[in-house]
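Engineer: Let me begin by handing over the structure; questions about it come next.
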Amino acid sequence: MDHKKFKTIIIGSGAAGLNCALQLINKGIDPNEIAIITDNLGGGTSYNAGSDKQTYYRLSLVNSELESPTSMAQSLFSGGSMHGDIALIEAACSIQAFMNLVNIGVPFPHNKYGEFVGYKTDNDDKSRGTSIGPLTSRVMCEQLLTQLKKHKITIFDKHLVIDILKHNDIAVGILAIDINKMNTLKLTDRAFLDDIIIPICAEFIILATGGPAGMYSNSVYPKSQWGATSLAINAGVTLQNLTESQYGLASTKFRWNVSGSYQQVIPRYVSFKEKDKNGGPIGEPVEFLNEYFPDFTSLSKATFLKGYQWPFNPERIVNYGSSLIDLAVHIEQFEKGRHVYLDFQKNPKGFNWDLLDATAKEYLEKSNAFQEIPNIRLSHLNQKAIEIYKMNGINLWTEPLEISVCAQHCNGGVTGNIWWETNISRLFTIGELNGSHGVHRPGGAALNSGQVAGIRVSEKIVYGKWTSDIRGSEFIAIAEKKKEKWIKLFADLMRNNGKNLADISGLINRLQKKMMKSGSYIRDLNKIEEHLVKLKKIRKKIKETVLIENNRDIVNVWRLLDLIICQSTFLTYMKHYLIKNGGSRGSYIVVSNREENAIIPHPLLKNYKVKPQNHKLDEELLEIKLKKAEFDVTDIDLELDYSTKWVKRRPIPKTKDWFETIWQKFDDREIFLS
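If you count by the numbering used here, then the sequence shown holds residues 36 to 709, one letter each, in order.
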């Protein structure tokens, strides 16, 4: 069997993966020994997601802040259910990661004295946030890719990784579908499949595939991003904090967070009964927020704070908090069947400068954004926020912006050690796929974490001690066996003559909508259990209901399998959390009519009895993995059985190191062995 071999392969081409490749090169790895494998170069979240002012979070570098790595670690750790040693690492390495970006050309602003100024972001007690505008992470990707192209690094674009190959719990390579070749060949049987499925051997594998972008119907993940969390699950890795995704208001025609400036200029929220084929509203608008707030002052306060407090948060519903808006949008859309828009062309009903919330008024006046209507205020406050929509065919001056509460980011993911290595030796996960974050995190902390991960992984690979590599003949035997199973599955589905065939894309869409109702920002144990039963039935019947009719269906079949496994794993995790008496926290509410302590947070939310947070669980993390170490995703009849374990979170280390001692351990590479 022909196959390629590299020292290190990185799966994914976002900011985390690109940086990791550069860090490996900077530490002496030959660029020819590194390969990036991606199904769509430039298609990931880092390159295509953002907000009005996308934040990067790092240690404060201004003279007025009393700051230390321990202080920043405490801000991360205080979010709950985060390990303290990981928090300290992400804080301590943040400046190294940040300055690497500065040095390769990411134009983070500094004053005339060279101080990199900052601002306070959500869940932040210092001014650690910085930004270059709506496209911070895109520019990071562009500059990182520019550096890698100078080194002529190998990039396998349009290659979909479908399996991680293992030998004795050691990652040794991958199987990938060559989409370029797939699209040029005629769909036949075995010969076609044998030609497009390729093995690649590697000493080290780094998963940087982002979050589970395809899991929900209402999503602000870019449409070009899918994710590949099932690769890790199927490989037998441990995962944690899968309950902790972030959800928030976003535009749907062009997927973008409507945070920050978009809320601070106090637009009006309106709903319509119908919309046209282009997404434009039809009929008379209803300003539905007026039903939820007693006066304009409280409405304007909640709207303004929604800019800072963008993720939906159960702690911010009562007393007319900013997250009451999210639930009002939800009810308007899913209970009343209406279409919801942000309108920057008119002020909300009852708008009056004298009645405007004091904090909002002061902010707008200081920002020279106290003009007559929202779109003019937005142009003064943040012109780039208007331009990003114009670049994507939406004119905020002349049309309202359709929105929904959308899945945005997964704080949980794969469990890694202090070097981001999983329980499978030589398999690392970085970026959003790695589950380093807790229940809450400061805005921009995810970008920092992804960059820090590249530093840590590269140090471990280059300076760590490793046993000998797998022999070529052993790898070929493993790859041939796995490849044959994938060929058989795809070939069987090509010949399917079942009577109840389902449209693959339609089935995926229905599962995404179902997940939105059962496992997103409103959670109910009964709905979670119902969805798990449905997933089990669908998976069992794939060979009866799914037909591969064209080349693209091969990718869609893999995505369907990925979706079923991801949803099953996440929902099983949520079920165990609720059984443990877990309550509303992070970015979701748990509704329960049986809970004595449940509260109705607003008179119009009588159908939403919210179970309060169980703060005891902030000191623990649930770990989950498949029971079967050699799980075969192509075996449809194989049960998805999980093992789970609650663990205490590790505290922030109290380091009092003696310089000469650490110097010696560093030079001897002893610190990289732990």
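Note that CB positions come from ideal geometry on N, CA and C, so glycine has one too. Keep in mind that this is a model prediction, so the values were computed, not measured.
#1: Excluding the 5 residues flanking C236 on each side, which residues of the same chain have their C-beta closer than 6 Å to its C-beta?
#2: Using a Cβ distance threshold of 8 Å, determine whether the stretch 67-75 contacts the stretch 178-192, with at least three qualifying pairs required.
#3: Sort L57, K62, G63, G79 by Cα distance to S48 and report the nearest one.
#4: Residue ranges of each alpha helix (DSSP H) run of no fewer than 4 residues wholly in the stretch 271-321, ordered along the chain?
#5: Comparing alpha-carbon positions, which option in S493, R491, L468, I490 lies nearest K481?
#6: Quick one: residues in its chain with C-beta nearer than 6 Å to the C-beta of E238, no 5 flanking neighbours on either side, listed in chain order?
#7: Is it buried or exposed, G447, if we count other Cβ atoms within 10 angstroms and call 16 or more buried?
#8: When you compare the stretch 338-349 with the stretch 277-284, are there three or more beta-carbon pairs, one atom per stretch, that lie closer than 8 Å?
#9: Please return the same chain residues whose Cβ sits closer than 7 Å to the Cβ of L416, not counting the five positions on each side in sequence.
#10: Looking only at its own chain, which residues have a Cβ that is under 7 Å from the Cβ of K683, when we skip the five neighbours before and after it?
#11: Would you call the CB atoms of G466 and A127 closer than 8 Å?
#12: Using DSSP with H/G/I as helix, E/B as strand and the rest coil, what is N561?
#13: Check P234 in the structure and name its three-state DSSP category.
#14: If you follow the alpha helix (DSSP H) that C128 is in, where does it begin and where does it stop?
#15: So what does DSSP say about D703, is it helix, strand or coil?
#16: Which complete beta strand (DSSP E) runs does the stretch 342-392 hold, if anything under 3 residues is left out?
#17: Among all the DSSP beta bridges, which residues are the ones paired with C176?
#18: In whole angstroms, what separates the C-alpha of S553 from that of N642?
#19: Which word fits L570, buried or exposed, when buried means at least 16 other C-beta atoms lie within 10 angstroms of its C-beta?
#20: Given a cut-off of 8 Å, decide if L639 and E422 are closer than it, judged by their beta-carbon atoms.
#21: Does E407 come out as helix, strand or coil in the three-state DSSP assignment?
#22: Check the C-beta distance from A206 over to I240 and give it rounded, since I have them as a contact under 8 Å.
#23: Measuring CA to CA, which of W432, N269, N276, T244 is closest to L596?
#24: Which residue from V645, K610, N632, L606 puts its Cα closest to that of S619?
#25: For a test of the three-state rule: what should DSSP assign to D597, helix, strand or coil?
#26: Within 8 Å, do at least three Cβ pairs link the stretch 327-342 to the stretch 606-626?
#27: Rounded to a whole number of angstroms, what is the C-alpha to C-alpha distance between D527 and A211?
#28: Distance, Cα to Cα, F694 vs V492?
#29: Would you check if the distance between the CB atom of T450 and the CB atom of Q275 is smaller than 8 Å?
#30: Could you spell out where the alpha helix (DSSP H) holding T189 opens and where it closes?
#31: Would the stretch 162-174 count as touching the stretch 625-635 if we require 3 or more Cβ pairs under 8 Å?
#32: To the nearest angstrom, report how far apart E102 and S95 are at their CA atoms.
#33: Could you give the uninterrupted runs of the beta strand (DSSP E) lying entirely in the stretch 462-541, keeping only those of 3 residues or more?
#34: May I have the straight-line CA-CA distance separating M250 from D588, to the nearest angstrom?
#35: Beta strand (DSSP E) containing Q443: first to last residue?
#36: Let me confirm a value: D230 is counted as buried when at least 16 other C-beta atoms fall within 10 Å, else exposed. Which label applies?
Structural biologist: Put simply:
#1: Here residue 236 corresponds to residue number 201 of the sequence shown, with the count starting at 1. Around C236: H38, K40, G208, F510.
#2: Contact between the stretch 67-75 and the stretch 178-192 is present, with at least three C-beta pairs closer than 8 Å.
#3: As a first step, residue 48 must be located in the sequence shown, where it is residue number 13. Measuring from the Cα of S48, the nearest candidate turns out to be G79.
#4: As far as the stretch 271-321 is concerned, its whole alpha helix (DSSP H) runs of at least 4 residues are 296-299.
#5: Along the sequence shown, one-based indexing puts residue 481 at 446. In the sequence on display, residue 481 carries Ala and not Lys. Distances from the alpha-carbon of A481 to those of S493, R491, L468, I490 put L468 closest.
#6: As a position in the sequence shown, residue 238 is number 203, starting the count at 1. Once the five neighbours on either side are set aside, the close Cβ partners of E238 are K42, D504.
#7: If you number the sequence shown from 1, residue 447 lands on position 412. Label assigned to G447: buried.
#8: yes
#9: On the sequence shown, position 381 is the one that residue 416 refers to. Taken in chain order, the residues that qualify are S296, Q299, V300, S402, A404.
#10: Your numbering for residue 683 matches position 648 in the sequence shown. So the qualifying residues of the chain are E654, E655.
#11: On the sequence shown, position 431 is the one that residue 466 refers to. On the sequence shown, position 92 is the one that residue 127 refers to. Taking 8 Å as the Cβ cut-off, G466 and A127 do not qualify as a contacting pair.
#12: Stepping through the sequence shown from its first residue, residue 561 is reached at position 526. Helix, per DSSP.
#13: Position 199 of the sequence shown, counted from the start, is the residue given in the question as residue 234. It is a strand residue.
#14: Within the sequence shown, numbered from 1, the residue matching residue 128 stands at position 93. Careful: C128 lies outside any alpha helix (DSSP H) and carries neither H nor E.
#15: The sequence position of residue 703 within the sequence shown is 668, counting from 1. In this structure, DSSP gives D703 a state outside helix and strand, which the three-state scheme calls coil.
#16: 374-378
#17: Within the sequence shown, residue 176 is the residue found at index 141, counting from 1. Its beta-bridge partners do not exist; DSSP assigns none.
#18: Position 518 of the sequence shown holds residue 553. Position 607 of the sequence shown holds residue 642. So the two alpha carbons sit approximately 15 Å from each other.
#19: What you label residue 570 is simply residue 535 of the sequence shown in a count that begins at 1. Burial call: buried.
#20: Here residue 422 corresponds to residue number 387 of the sequence shown, with the count starting at 1. Here residue 639 corresponds to residue number 604 of the sequence shown, with the count starting at 1. Going by C-beta atoms, E422 is not nearer than 8 Å to L639.
#21: The residue given as residue 407 occupies position 372 in the sequence shown. Note: E407 maps to coil in three-state DSSP.
#22: Taking the sequence shown and counting its residues from 1, the one referred to as residue 206 is at position 171. Taking the sequence shown and counting its residues from 1, the one referred to as residue 240 is at position 205. The pair is a contact, with the Cβ atoms about 5 Å apart (cut-off 8 Å).
#23: The count along the sequence shown starts at 1 and reaches residue 596 at position 561. L596 has its Cα closest to that of N269, out of W432, N269, N276, T244.
#24: One-based indexing of the sequence shown puts residue 619 at position 584. Checked all of V645, K610, N632, L606; the closest Cα to S619 is V645.
#25: If you number the sequence shown from 1, residue 597 lands on position 562. D597 falls in the helix class under three-state DSSP.
#26: no
#27: Working through the sequence shown from its first residue, we reach residue 527 at position 492. Working through the sequence shown from its first residue, we reach residue 211 at position 176. Going from the Cα of D527 to the Cα of A211 covers about 19 Å.
#28: On the sequence shown, residue 694 is found 659 positions in, with the first residue counted as 1. On the sequence shown, residue 492 is found 457 positions in, with the first residue counted as 1. So the two alpha carbons sit approximately 24 Å from each other.
#29: Walking along the sequence shown from the start, residue 450 turns up at place 415. Walking along the sequence shown from the start, residue 275 turns up at place 240. Closer than 8 Å, so yes.
#30: Here residue 189 refers to the residue found at position 154 of the sequence shown. No alpha helix (DSSP H) contains T189, which is instead part of the beta strand (DSSP E) from 189-191.
#31: no
#32: The sequence position of residue 102 within the sequence shown is 67, counting from 1. The sequence position of residue 95 within the sequence shown is 60, counting from 1. Cα to Cα, the separation comes out at about 7 Å.
#33: 462-464
#34: Within the sequence shown, the letter at position 215 stands for residue 250. Within the sequence shown, the letter at position 553 stands for residue 588. The alpha-carbon of M250 is positioned some 18 Å away from that of D588.
#35: For the purposes of this step, residue 443 is identified with residue 408 of the sequence shown, where counting begins at 1. In the DSSP assignment, Q443 falls within the unbroken beta strand (DSSP E) covering 436-445.
#36: On the sequence shown, position 195 is the one that residue 230 refers to. Exposed, because fewer than 16 other Cβ atoms sit within 10 Å of the Cβ of D230.
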